[in-house]
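Student: First, the structure itself, so that you have it in front of you.
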Amino acid sequence: MLRPAFRRLGASAGAFASPSLAASTSTPPARLLLSRAATAAAASAQPRQQRCYSYQPSAASTSQPQDINPGSLTITETTTPGKLSKPEDLVFGRTFSDHMLTIEWNKDDGWLAPQITPYQNLSLDPATCVFHYAFECFEGMKAYKDQQGRVRLFRPDKNMERFNKSAARIALPTFSPTALIELIAKFAKLESRFIPAERGYSLYLRPTMIGTQKTLGVGPPGSALLYVIASPVGPYYPTGFKAISLEATDYAVRAWPGGVGDKKLGANYAPCIVPQREAMSRGFQQNLWLFGEEEYVTEVGTMNFFVALRNKETGAKELVTAPLDGTILEGVTRDSVLALARKNLAPEGWTISERKYTMQELADASAEGRLIEAFGAGTAAIVSPVRSISWRGQLVQCGLKDHEESGAITNRVKNWMEGIQYGEDEHEWSYLCE
Ligand SMILES: *Cc1c(COP(=O)(O)O)cnc(C)c1O
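Counting from 1, one number per residue, gives the positions in the sequence shown under full-length UniProt numbering.
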């Protein structure tokens, strides 16, 4: 029950004070409903105190919010294991594994006991804040199977760091990175049968966090749900690389200084679909997002963008990507490509640069035969070679010969990355799930 003081505050706040005050003091969090069978099974596995789906405002002063505690994980295994798809039939993000990891949070208790349950629907009130104000952020990472059949993650600390930054930016709770990695590793191991053992295959993991408070008031959610689902995926290019063509996009802006384009918020993605469809209708697979009057090159679709070119004056070879100035998503692949290039390409005379560069600079390099190659970089495909960029009515060629689908640097980057991801090259970036 709400105390009258809160109710009065809520009522008057609605009229003239910050709506966030009204929202955070007067409305209970939405209730997450797991299926009855799963909940009953979980309850019988470990008795627990009543769950605080609707917290009492007065309880806030006495409780110490908990961080995620992997030790209190309960696992309810499915009684109806799904059939595995043939590896060659896998479509990205279409089929999911048997289970999901869920961790609820509320502002009084902090993170509640993690659960692995059968994969199932969520049941949320239509007024839940995620549906109205986009309290949602996510991650994209993969679990790989090595030659000994062990499950490995790739730089999960980087994903957790970014997940926390995204969550904090939209007033969702943060958490201990190592605790969530431990739980994700357990989850990935449990779903090991969904990971085909061949190179190129993996289990795509989608950590997601949503605000679950039932309220139309615009304010910080008093409750949240963190969940992780998993989708077995095959090689992005099953029959080898296929170079794509881009449309340089200036009429729509993906990210801007002071904005949130550098965070993995769901709200950043829906607005990019119409421009992508526009580009597709003109025969280009993806947008190359330009920014500002200078037409700085930022990212390609939902990947970071790299170009290899020769310096106009010195002829020196340079691998370039845009700097993390707030308009660029901090890709784990981007960071890895930079580090591997500094280690492997710099000794061959390459300069590795994080700097601003413009579409004009690329067009000039192309016209003068100095553009060596271009590729997108991201978890899904690792690298995605680019053939050409449509810009101001011209087609800027990115260095590939007609019969080529990818360049030498792109191929080498893919091999370096896969060697580490599949545990063939021992590396501190590979995290063994034990
Ligand atoms: C996820 C994402 C990337 C790539 O990040 P990785 O961690 O390498 O997968 C790049 N750009 C955008 C806009 C993204 O959402």
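Note that beta-carbon positions come from the ideal geometry of N, C-alpha and C, so glycine has one too.
Counting beta carbon pairs with one atom in the segment 249 to 257 and one in the segment 154 to 168, are three or more of them shorter than 8 Å?
Tutor: No: fewer than three Cβ pairs fall under 8 Å.
Student: Excluding the five sequence neighbours on either side, which residues of its own chain have a C-beta within less than 6 Å of the C-beta of A113, listed in chain order?
Tutor: Translated into the one-based positions of the sequence shown, residue 113 becomes position 113. Counting only Cβ-Cβ distances below 6 Å, and skipping sequence neighbours, we find S72.
Student: Buried or exposed, going by whether 16 or more other CB atoms sit within 10 Å of the CB of G376?
Tutor: As a first step, residue 376 is located in the sequence shown; it is residue number 376 there, counting from the start. Per the 10 Å Cβ criterion, buried.
Student: CB of V332 to nearest heavy atom of ligand 1: below 7 Å?
Tutor: Here residue 332 is taken as the residue at index 332 of the sequence shown, counted from 1. Yes - ligand 1 has a heavy atom lying nearer than 7 Å to the Cβ of V332.
Student: Measuring only the C-alpha atoms, how far is W416 from V383?
Tutor: Numbered from its first residue, the sequence shown carries residue 416 at position 416. Numbered from its first residue, the sequence shown carries residue 383 at position 383. When rounded, the distance between both Cα atoms is 11 Å.
Student: Out of D89, K86, S202 and E294, point me to the one whose CA is closest to W149's CA.
Tutor: For the purposes of this step, residue 149 is taken as the residue at position 149 of the sequence shown. A small correction: the amino acid at residue 149 is Gly; Trp does not occupy that position in the sequence shown. Cα-wise, what sits closest to G149 is S202.
Student: With V78 and D98 assumed to form a contact (beta carbons below 8 Å), what rounded beta-carbon distance in angstroms separates them?
Tutor: Working through the sequence shown from its first residue, we reach residue 78 at position 78. Working through the sequence shown from its first residue, we reach residue 98 at position 98. With the sequence shown as reference, residue 78 is identified as Thr, and Val is not the correct amino acid for it. Yes, they are in contact, since the Cβ atoms of T78 and D98 sit about 5 Å apart, within 8 Å.
Student: Quick check on this structure: which residue in R162, D157 and G93 has the alpha carbon closest to the alpha carbon of I328?
Tutor: Locating residue 328 in the sequence shown gives position 328, counting from the first residue. Residue R162 is the option with its Cα nearest to I328.
Student: Looking at the secondary structure, which residues open and close the alpha helix (DSSP H) in which A132 lies?
Tutor: The residue given as residue 132 occupies position 132 in the sequence shown. Note that residue 132 is His in the sequence shown here, rather than Ala. Here the alpha helix (DSSP H) through H132 covers C129 to Y133.
Student: Is M280 a contact residue of ligand 2, with contact defined as CB to any heavy atom under 7 Å?
Tutor: The model depicted lacks ligand 2 and carries ligand 1 instead.
Student: Closer than 7 Å to a non-hydrogen atom of ligand 1 - does that hold for the CB of L324?
Tutor: Numbered from 1 along the sequence shown, position 324 holds the residue referred to as residue 324. L324: no, Cβ never under 7 Å from ligand 1.
Student: Can you tell me whether L395 is buried or exposed, with buried defined as 16 or more other CB within 10 angstroms of its CB?
Tutor: Within the sequence shown, numbered from 1, the residue matching residue 395 stands at position 395. Result: exposed.
Student: Compute the Euclidean distance between the alpha carbons of A188 and L84, then round it to the nearest angstrom.
Tutor: As a working mapping, residue 188 is identified with position 188 in the sequence shown. As a working mapping, residue 84 is identified with position 84 in the sequence shown. Distance between the alpha carbons of A188 and L84: 16 Å.
Student: How many angstroms separate the CA atom of G14 from the CA atom of T128?
Tutor: Your numbering for residue 14 matches position 14 in the sequence shown. Your numbering for residue 128 matches position 128 in the sequence shown. Its pLDDT being 32, under 50, G14 is placed unreliably by the model, and nothing is read from it.
Student: Just how far apart, CA to CA, sit E88 and G234?
Tutor: Here residue 88 corresponds to residue number 88 of the sequence shown, with the count starting at 1. Here residue 234 corresponds to residue number 234 of the sequence shown, with the count starting at 1. Each residue's Cα considered, the two are about 7 Å apart.
Student: What residues match up with Y119 in a beta bridge as DSSP calls it?
Tutor: The residue you call residue 119 lines up with position 119 of the sequence shown. DSSP output for Y119 lists no bridge partner at all.
Student: Looking at the structure shown, is E198 part of a helix, part of a strand, or coil, going by DSSP?
Tutor: The residue given as residue 198 occupies position 198 in the sequence shown. Of the three classes helix, strand and coil, the one that applies to E198 here is coil, per DSSP.
Student: Counting Cβ pairs closer than 8 Å, one from the segment 219 to 229 and one from the segment 258 to 270, do we hit at least three?
Tutor: As far as the Cβ criterion goes, the segment 219 to 229 does not touch the segment 258 to 270, which means the pair count is below three.
Student: So is the beta-carbon of T379 under 7 Å away from any non-hydrogen atom of ligand 1?
Tutor: Mapped onto the sequence shown, residue 379 falls at position 379. Answer for T379: yes, Cβ within range of ligand 1.
Student: Ignore the nearest five residues each way along the sequence and tell me which others in V320's own chain have a CB closer than 6 Å to its CB.
Tutor: Stepping through the sequence shown from its first residue, residue 320 is reached at position 320. Correct list, in chain order: V307, S353 and Y357.
Student: Can you give, in chain order, each stretch of the alpha helix (DSSP H) that sits fully within the segment 276 to 314 and has at least 4 residues?
Tutor: List check, alpha helix (DSSP H) in window: nothing returned.
Student: In chain order, what residues of the same chain lie with their CB nearer than 7 Å to the CB of G378, ignoring the 5 residues before and after it?
Tutor: Within the sequence shown, residue 378 is the residue found at index 378, counting from 1. Cβ within range, chain order: T302, M303, N304, G331 and T333.
Student: When the Cα atoms are used, what is the spatial distance from D425 to K145?
Tutor: In the sequence shown, the residue the question calls residue 425 occupies position 425. In the sequence shown, the residue the question calls residue 145 occupies position 145. Distance between the alpha carbons of D425 and K145 is about 13 Å.
Student: Bridge partners for M141 per DSSP, in chain order?
Tutor: Indexing the sequence shown from 1 puts residue 141 at position 141. L205, per the DSSP bridge assignment.
Student: Give me, in chain order, the residues of the same chain whose beta-carbon lies closer than 6 Å to that of P196; leave out the 5 immediate sequence neighbours on both sides.
Tutor: Residue numbering aside, residue 196 sits at position 196 when the sequence shown is read from its first letter. Answer for P196: P87, listed in chain order.
Student: Measuring from the CB of T302, is there a heavy atom of ligand 1 at a distance below 7 Å?
Tutor: Indexing the sequence shown from 1 puts residue 302 at position 302. Correct: T302 has its Cβ closer than 7 Å to ligand 1.
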